[in-house]
Amino acid sequence: RNLSQEEVEDLIFGANRQEGFWAHIARAVPPRRVRLVYDHVQRVYHPMKNKGKWTGLEDVQLQQMVEEHGHKWGSVAQALERPPAECRNQYIKCFAQKEARRKGSWSPSEESRLMQIMQDLDKEGKTTGTLNNFWEVVAGWMDNTRMAHQCRNKWNDSLYPKLQNSGKAPRWSHTDSYILIQKVASLELDAEGDIDWGALTDNAWKFWTPHKLQQRWASLKKMVHTPGATHHGEHTYPFHVSAYR
17 RNLSQEEVED LIFGANRQEG FWAHIARAVP PRRVRLVYDH VQRVYHPMKN KGKWTGLEDV
77 QLQQMVEEHG HKWGSVAQAL ERPPAECRNQ YIKCFAQKEA RRKGSWSPSE ESRLMQIMQD
137 LDKEGKTTGT LNNFWEVVAG WMDNTRMAHQ CRNKWNDSLY PKLQNSGKAP RWSHTDSYIL
197 IQKVASLELD AEGDIDWGAL TDNAWKFWTP HKLQQRWASL KKMVHTPGAT HHGEHTYPFH
257 VSAYR
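Right, here's the structure in full:
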């Protein structure tokens with residue numbers, strides 16, 4: 017179909033968007049996950065993007081709009097002329113039970129609670145593929161004591177790999193470092209910012225998520241003190257691969 021720009025924006029950002037829309041779009045651009053696709057489209061294509069840093073006045077207006085509309089972020093966004101995701105994230109960051117929010121290491125009781133929440137949602141058929149705001153839902157079940165990205169990272173990087181590994185936390189090895197270096201080198205990119213960490217994962221290497229691989233790459237870089245450590249072209253690649261054999 018030959019759609020106008022206005023029709024495309026209405027299809028993507030309109031109020032009548034069908035449930036599972038973003039999951040459907042994500043399946044067309046593997047291996048991108050739903051959240052990455054959603055965030056990218058909101059950041060790059062939303063008609064209300066690029067308003068910059070939030071002002072104090074906008075924060076006050078945000079509180080007022082949430083009091084009026086609740087968590088109907090589409091309505092809040094129209095009033096503030098900001099993308100819905102920006103409004104939601106700003107509200108969670110600045111106002112939603114800020115006093116109760118925790119940082120740092122997770123306690124055993126928190127981990128157990130997150131594990132139970134994930135199991136309950138799975139039984140109900142609610143997954144990242146069926147809910148566009150899956151991790152916000154999980155954070156809500158955690159009483160917002162942890163933010164959505166904290167729940168996502170804890171599950172993907174720690175609890176799920178442990179569940180897949182017979183209850184034992186998988187350990188990163190020198191072999192894993194070697195594999196990571198080889199995978200990054202095979203991309204033949206000029207800058208670290210161009211790395212698609214999701215493209216480096218595979219079933220044979222199932223314990224390591226894109227987020228964890230990015231963390232491990234940062235740790236490996238700290239072991240090397242050569243110029244150009246953030247580049248990995250033919251002449252600036254910072255690692256001696258033989259050291260990890």
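Going from the sequence shown to my numbering is simple: count from 1 and add 16.
Backbone N, C-alpha and C fix where the C-beta goes; we use that ideal spot for every residue, glycine too.
Here the C-alpha atom of E22 lies approximately 47 Å from the C-alpha atom of D192.
In this structure the stretch 165 to 179 lies against the stretch 124 to 137, because at least three pairs of beta carbons, one per stretch, are closer than 8 Å. The stretch 201 to 209 makes no contact with the stretch 158 to 169, as fewer than three CB pairs between them are under 8 Å.
With 16 or more neighbouring CB atoms inside 10 Å of its own CB, T225 falls in the buried class. Distances from the CA of G209 to each of W221, A234 and S189 were compared; the closest alpha carbon is that of A234.
Around the C-beta of F111, fewer than 16 other C-beta atoms lie within 10 Å, and the residue is accordingly described as exposed. Under the DSSP assignment, G72 falls in the alpha helix (DSSP H) whose first and last residues are G72 to H85. For K67, the three-state secondary structure derived from DSSP is coil. Sequence-distant Cβ neighbours of P186 in its own chain, meaning closer than 7 Å and more than five residues away, are P177 and F223.
The beta carbon of P99 lies closer than 7 Å to those of Q58, H62, M64, K65 and A93 in the same chain, with the five residues before and after it left out. About 26 Å separates the CB atoms of W188 and R118; that is not less than 8 Å, and the two are not in contact.
In terms of Cα proximity to W171, the closest of E25, M131, T217 and G183 is M131. Under the three-state reduction of DSSP output, T191 falls in the helix class.
Spatial neighbours of E74 in its own chain (CB-CB distance under 7 Å, excluding positions within 5 residues in sequence) are listed in chain order as L96.
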